[in-house]
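A short write-up of the structure that comes next.
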Amino acid sequence: MKRRLSWIIGIVIAAGLITGGYLYTQGIGARPAFRTAAVTRGPLTSAVSATGTLNAVITVQVGSQISGQVKELHADFNSVVKKDQLIARIDPESFEAKVNQTRAQVDAARASVLNQ
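Residues 19 to 134 (the working numbering) make up the sequence shown, in order.
Put into structure tokens, the structure is as follows:
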């Protein structure tokens, strides 16, 4: 039994050496191929192509104190704006009409006070 085990171990070692030798000799002839080119001077260009998602570092809510129709728009989506920069102009017609209506009510109230 001991003799048989030593034969099996010897055969396994011999097979490993033969396989290793074969693979080693096959690897010597298969060297990687390199391309060469002459060195030249010229402008450097760098290009990056990537895909992904950008997220804003700071998100700001923009609003107004009054509501109405926008007459002029001075900024677009994702535009860079600075503090106190005019972004949009609201149509003043509805506010002017309300001011005129309130003035008429004040004038009517004054007239009714004077008639008493």
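Every residue gets a Cβ at the ideal spot worked out from N, C-alpha and C, and that includes glycine.
Computed from a prediction, not measured in an experiment: that's the story for all the values here.
Of the choices Ile108, Thr71, Ser97 and Asn73, whose alpha-carbon is the least far from that of isoleucine 89?
At residue 89 the sequence reads lysine, which differs from the isoleucine that was named. Of the listed residues, the one whose Cα sits closest to lysine 89 is Ile108.
Could you give the distance in angstroms between the alpha-carbon of phenylalanine 95 and the alpha-carbon of glycine 70?
Cα to Cα, the separation comes out at about 20 Å.
Tell me whether lysine 20 sits in a helix, a strand or coil according to DSSP, three-state version.
helix
Which residue from Gly86, Gln44, Ile76 and Leu91 puts its Cα closest to that of alanine 106?
Leu91
Given valine 99, which residues of its chain have a CB within under 7 Å of its CB, disregarding the five upstream and five downstream residues?
Ala93 and Ile105
Which of helix, strand or coil DSSP assigns to valine 88
Look at valine 88 here: in three-state DSSP terms it is strand.
Have a look at asparagine 118 and asparagine 133 and give me their C-alpha separation to the nearest angstrom.
Near 22 Å, if we compare the C-alpha coordinates of asparagine 133 and asparagine 118.
With which residues is arginine 59 paired in a DSSP beta bridge?
According to DSSP, which records beta bridges pairwise, arginine 59 is partnered with nothing at all.
For serine 112 versus glutamine 79, is the C-beta distance shorter than 9 Å?
no
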